[in-house]
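Participant:
Number of protein chains: 2
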Amino acid sequence: MPDIAGATPRIARAGYKDWGRCDLTFVELSAGTTVAGVTTRNLCCSSEVELCRENLKGGKARALVVNAGNSNAFTGYRGREAVEAITAKVAVHLGCPKSEIFVSSTGVIGVPLPKDKAETGLDSAFTAHPCNWEEATNTIGTTDTFAKGATASAIVDGRKVHLTGIIKGSGMIAPDMATMLGYIFTDAAVDAAFLQQLLSASNQTSFSCITVDSDTSTSDTVLAFATGKADNAPLSSFKDTGADAFASALNDICRQLAHLVVRDGEGAQKFIQISVIGAVSDDSARRVGLAIANSPLVKTAIAGEDANWGRVVMAVGKAGEPADRDKLSISFGTTIVARDGLPVDGYDETPVTAHLQGQDIEIGVDLGLGDGRATVWTCDLTHAYISINADYRS
Amino acid sequence: MPDIAGATPRIARAGYKDWGRCDLTFVELSAGTTVAGVTTRNLCCSSEVELCRENLKGGKARALVVNAGNSNAFTGYRGREAVEAITAKVAVHLGCPKSEIFVSSTGVIGVPLPKDKAETGLDSAFTAHPCNWEEATNTIGTTDTFAKGATASAIVDGRKVHLTGIIKGSGMIAPDMATMLGYIFTDAAVDAAFLQQLLSASNQTSFSCITVDSDTSTSDTVLAFATGKADNAPLSSFKDTGADAFASALNDICRQLAHLVVRDGEGAQKFIQISVIGAVSDDSARRVGLAIANSPLVKTAIAGEDANWGRVVMAVGKAGEPADRDKLSISFGTTIVARDGLPVDGYDETPVTAHLQGQDIEIGVDLGLGDGRATVWTCDLTHAYISINADYRS
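Chains as they are written, first to last, in my numbering: chain A, 19 to 412; chain B, 19 to 412.
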């Protein structure tokens, strides 16, 4: 992953858990960096999420701190104190307002983040040699099994601008406006308000369209930072030259990052794409898609490579969205299995079974009602998910 | 389970699957039997469910036929033909209108119920010796691991009336108005409209408060039949003597049956009761309770006997119902683990861990907002659920 001028990552060991690895990431951002973000809708969100929301109003960022191994969620005033200690210390170090420091934490819920460990970790990070993005990605991860990053680029105002994204997340993934922890850094110059507009739009077709287990994290945050070091004329609307290209690159990187989370879903063996068309609206299509993607019975059938398409019918019917059983069509891969409310004549399961034996599974649903469409992504539900989660905290 | 005068069960082998067991249940009901019912809200419901809804309007029943091993759902006109063949044949046998015959089927979705097997099965059933309720319960079951029945009684109009209920269901359990297949037979005389009122009310705090896997069956149906053979003055409102006692007995049997389904939830090792108080309304409390009960992360933590109460916080926050993180309290068993938005001072996990090692788990949530309350029931999510569902159809 390429360096991004104006964004310098460093890592350190705060020792939030007894795991002998780096667990604190500190990214210094050059003066003038703009920021946009989307955060979880979970009502029991962490102090970190509340701080991000507050600081996003200013649109400026000088640093990002990410703690791994402890989410600091549901820790009341003690959690807030830890976050305030971190922002105060970084603000002094950089000589900037506290409102330009962004903090995220993930890991166990309900244990206050130890303030002293955070402070010691920051002291180490301040003096550490800059690291590369892969090291930063490994450091923000928790139950992730591989480092998840993506890159994109665009030509804006005659200059090539770069985007680098890193993300963590594997379980408790059912984003609603946002997802796990994801960070996108670009050297493009983009006004904060326009960056927010683009990020919110990209989020709708990426992070908001993935689910691993239907559970929504208390810490979900996606932030985009634009350092402006590419020296393009700052983008402030779609009328600006290169705005479309930048928007497209941002959209691309968000989708890449979202897919990586699903591919690393806890216990996942298969990547499942669910395309819904013919719904009464795009939103309705997305909700039908997520009802299928969250159905334990659909997910276990695919884990078992079983062409049990009746479970897709069930999930469509329980979604609570407009649907007409007798107009419904369903396909697996390129094979239509049911059309207009009953199995197709002479249905041959052979190609469907072959498709299910692969790793990339496609389910198509046509509701036959309107023009609404959406694509969502999920993974299968396996024994490994149970193993990971029946003793994760221990 | 005691006999119910006026309700005579018989069983036969229709051979819907190659499994060498009885799979067709035929219950003959005496003339004058009233009926009430609740059915699934799944929009892709089976022809059987549509027939039940239609026939419930008449309020009279002379027979119930239950097929096991094939749900006949999503089978279009071929499914309807099979149901019509069954009702026609039974109506001729009993000399009654087709509108007094009720049919249910569960099993695989998307395979038309073979009409010829149903007809041959009925011929056997018509001439079979009456069976007992336990045999009937075993015959309506599919993935159920034990026969699920319950009994209750009440004094109505100076006479003892009896209620016997049988139920099947283990997976695809997230009833919304109804659940799996459940049948309650009573010798009490109850007007159909009043029976419906009582059944709908009982359903709200029993079948509508259980979930195994968040998936709602396309075949869910609960029917209550009152033969009137106890010769009490027919109950038609709460003003009638004994109406309260009968309502209480019906409520009791519905709750017993609902609990049995959860105890036999696919792969279940533990029975989990979730009590939510302090919500803005009873409905809101029920939805918060079901969000907890449907969370894979809560259910796997309990399977692992891990006191990971932070996952309960997460589930409360994602429920989409009014909640205030800083007013929330959570208990496991009799131990309060968190209060007012953070862990209790000096929290000792020992009694919680001991509680989780038992088979009956209690989770208490106080939202601290109002007087709304609800209790819901579920089971843990284990490796056995994955094993059962990754190759159920095969």
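Virtual Cβ for every residue (Gly too), placed ideally from N, Cα, C.
Which residues in chain E sit within 7 Å of histidine 401 of chain A, going by Cβ to Cβ distance?
Facilitator: As a matter of chain content, chain E is missing from the structure shown, whose protein chains are A and B.
Participant: Hey, alanine 100 of chain A and alanine 143 of chain A: beta-carbon distance below 8 Å or not?
Facilitator: Position 82 of the first sequence, counted from the start, is the residue given in the question as residue 100 of chain A. Position 125 of the first sequence, counted from the start, is the residue given in the question as residue 143 of chain A. No.
Participant: DSSP three-state call for serine 142 of chain B: helix, strand or coil?
Facilitator: Taking the first residue of the second sequence as 1, we reach residue 142 of chain B at position 124. Serine 142 of chain B falls in the helix class under three-state DSSP.
Participant: Among the residues of its own chain, which have a CB less than 8 Å from the CB of serine 412 of chain A, if the five just before and after it don't count?
Facilitator: Along the first sequence, read from residue 1 onward, the residue named residue 412 of chain A stands at position 394. Caution is warranted here: a pLDDT of 45 is assigned to serine 412 of chain A, below 50, making its placement in the model unreliable, and no coordinate value can be reported.
Participant: Can you list, in chain order, the residues of its chain whose CB lies under 8 Å from that of glutamine 375 of chain A, leaving out five sequence neighbours each side?
Facilitator: For the purposes of this step, residue 375 of chain A is taken as residue 357 along the first sequence, with counting starting at 1. Within the same chain, glutamine 375 of chain A has close Cβ partners Glu323.
Participant: Start and end of the beta strand (DSSP E) containing lysine 178 of chain A?
Facilitator: Position 160 of the first sequence, counting from 1, holds the residue named residue 178 of chain A. Run containing lysine 178 of chain A: 177-186, per the beta strand (DSSP E) assignment.
Participant: Against chain B, with Cβ distances strictly below 8 Å, would methionine 198 of chain A count as a contact?
Facilitator: Indexing the first sequence from 1 puts residue 198 of chain A at position 180. Cβ-Cβ to chain B under 8 Å: no for methionine 198 of chain A.
Participant: Does phenylalanine 289 of chain A come out as helix, strand or coil in the three-state DSSP assignment?
Facilitator: Position 271 of the first sequence holds residue 289 of chain A. Strand at phenylalanine 289 of chain A.
Participant: Can you tell me which of B/Pro132, B/Gly94, B/Ala263 puts its alpha carbon nearest to the alpha carbon of alanine 356 of chain A?
Facilitator: Mapped onto the first sequence, residue 356 of chain A falls at position 338. Closest by alpha carbon: B/Gly94.
Participant: Answer yes or no: do lysine 133 of chain A and asparagine 60 of chain B have a C-beta to C-beta separation smaller than 8 Å?
Facilitator: Taking the first sequence and counting its residues from 1, one reaches residue 133 of chain A at position 115. Taking the second sequence and counting its residues from 1, one reaches residue 60 of chain B at position 42. Contact flag unset, no.
Participant: For the stretch 167-180 of chain A, enumerate the residues whose C-beta is nearer than 7 Å to any C-beta of chain B, in chain order.
Facilitator: Answer in chain order: no residues at all.
Participant: Is there a Cβ from chain A that is less than 8 Å from the Cβ of aspartate 162 of chain B?
Facilitator: In the second sequence, the residue the question calls residue 162 of chain B occupies position 144. So no, aspartate 162 of chain B is outside the interface.
Participant: So the beta strand (DSSP E) serine 347 of chain A belongs to, where does it begin and stop?
Facilitator: One-based indexing of the first sequence puts residue 347 of chain A at position 329. From DSSP, the beta strand (DSSP E) with serine 347 of chain A extends over 347-350.
Participant: Taking aspartate 366 of chain B as the reference, which of B/Ala244, B/Thr352, B/Thr245 has the closest Cα?
Facilitator: Along the second sequence, one-based indexing puts residue 366 of chain B at 348. It is B/Thr352.
Participant: Determine which residues of the stretch 62-95 of chain A have a Cβ less than 8 Å from any Cβ of chain B, and write them out in chain order.
Facilitator: Answer set for the stretch 62-95 of chain A: Cys62, Cys63, Ser89, Ala91, Phe92, Thr93, Gly94, Tyr95.
Participant: Tell me glutamine 85 of chain A's beta-bridge partners as DSSP assigns them.
Facilitator: Within the first sequence, residue 85 of chain A is the residue found at index 67, counting from 1. Correcting the residue identity first, residue 85 of chain A is asparagine in this sequence and not glutamine. The partner list for asparagine 85 of chain A (beta bridge, DSSP) reads A/Leu42, A/Ser123.
Participant: When the Cα atoms are used, what is the spatial distance from valine 56 of chain A to serine 237 of chain A?
Facilitator: Walking along the first sequence from the start, residue 56 of chain A turns up at place 38. Walking along the first sequence from the start, residue 237 of chain A turns up at place 219. Using only the alpha carbons, I get a separation of about 11 Å.
Participant: Determine, for threonine 318 of chain A, whether the minimum Cβ-Cβ distance to residues of chain B falls below 8 Å.
Facilitator: Reading the first sequence from its first residue, position 300 is the one you call residue 318 of chain A. So, interface residue.
Participant: Using a Cβ-Cβ cut-off of 8 Å, state whether asparagine 407 of chain A counts as contacting chain B.
Facilitator: Looking up residue 407 of chain A in the first sequence gives position 389. Yes, asparagine 407 of chain A lies at the interface with chain B (some Cβ there is under 8 Å from its Cβ).
Participant: Is lysine 336 of chain A close to chain B, meaning its C-beta is less than 8 Å from at least one C-beta of that chain?
Facilitator: Here residue 336 of chain A refers to the residue found at position 318 when the first sequence is read from its first residue. Yes, because at least one Cβ of chain B sits closer than 8 Å to the Cβ of lysine 336 of chain A.
Participant: Measure the alpha-carbon distance for isoleucine 420 of chain A versus tryptophan 395 of chain A and round it to whole angstroms.
Facilitator: Chain A is shown only over 19 to 412; residue 420 of chain A falls outside these bounds and no answer can be derived.
Participant: Alpha carbon to alpha carbon, how far is glutamine 274 of chain B from isoleucine 116 of chain A? Give it in angstroms, no decimals.
Facilitator: Counting from one through the first sequence, the residue named residue 116 of chain A turns up at place 98. Counting from one through the second sequence, the residue named residue 274 of chain B turns up at place 256. The question names isoleucine, yet the displayed sequence has lysine at residue 116 of chain A. Using only the alpha carbons, I get a separation of about 58 Å.
Participant: So who's on the other strand from glycine 382 of chain B, going by DSSP bridges?
Facilitator: Translated into the one-based positions of the second sequence, residue 382 of chain B becomes position 364. Answer is B/Ser293, B/Ser349.
Participant: Is any beta-carbon of chain B found at less than 8 Å from that of asparagine 221 of chain A?
Facilitator: As a first step, residue 221 of chain A must be located in the first sequence, where it is residue number 203. Chain B contact via Cβ: absent.
Participant: Check whether the Cβ atoms of serine 64 of chain A and asparagine 90 of chain A lie closer than 8 Å to each other.
Facilitator: Mapped onto the first sequence, residue 64 of chain A falls at position 46. Mapped onto the first sequence, residue 90 of chain A falls at position 72. Yes, the pair counts as a contact, with Cβ atoms nearer than the cut-off.
Participant: Any Cβ of chain B within less than 8 Å of the Cβ of methionine 19 of chain A?
Facilitator: To locate residue 19 of chain A, count along the first sequence from 1; it is residue 1. Not an interface residue.
Participant: Do we get a CB-CB distance below 8 Å when we pair serine 412 of chain A with the residues of chain B?
Facilitator: Translated into the one-based positions of the first sequence, residue 412 of chain A becomes position 394. Reliability of the predicted coordinates at serine 412 of chain A is poor, the pLDDT of 45 falling under 50, and the value obtained from them is presented with this limitation in mind. So, interface residue.
Participant: Once DSSP output is grouped into helix, strand and coil, what is the label at valine 394 of chain A?
Facilitator: As a first step, residue 394 of chain A must be located in the first sequence, where it is residue number 376. Note: valine 394 of chain A maps to strand in three-state DSSP.
Participant: Hey, quick one: how far does the alpha helix (DSSP H) through leucine 275 of chain B stretch, first residue to last?
Facilitator: Mapped onto the second sequence, residue 275 of chain B falls at position 257. Its alpha helix (DSSP H) spans residues 261-281.
Participant: Here's a check: name, in chain order, each residue in its chain whose Cβ is nearer than 6 Å to the Cβ of proline 252 of chain A, leaving out the five neighbours to either side.
Facilitator: If you number the first sequence from 1, residue 252 of chain A lands on position 234. These residues qualify, in order along the chain: Ala207, Asp209.
Participant: Anything in chain B within Cβ reach of proline 361 of chain A, meaning under 7 Å, just list it in chain order.
Facilitator: What you label residue 361 of chain A is simply residue 343 of the first sequence in a count that begins at 1. Those are Gly128, listed as they occur along chain B.
Participant: Quick check: what's the CA-CA separation for lysine 288 of chain A versus histidine 277 of chain A?
Facilitator: Taking the first residue of the first sequence as position 1, residue 288 of chain A is located at position 270. Taking the first residue of the first sequence as position 1, residue 277 of chain A is located at position 259. Those two C-alpha atoms are separated by around 12 Å.
Participant: Along the stretch 231-243 of chain B, where does the CB come closer than 9 Å to a CB of chain A? Name the residues.
Facilitator: Correct list: Asp231, Ser232, Asp233, Thr234, Ser235, Thr236.
Participant: Could you check the C-alpha separation between aspartate 378 of chain A and alanine 265 of chain A for me, to the nearest Å?
Facilitator: Counting from 1 along the first sequence, the entry for residue 378 of chain A is found at position 360. Counting from 1 along the first sequence, the entry for residue 265 of chain A is found at position 247. Cα-Cα distance, rounded: 27 Å.
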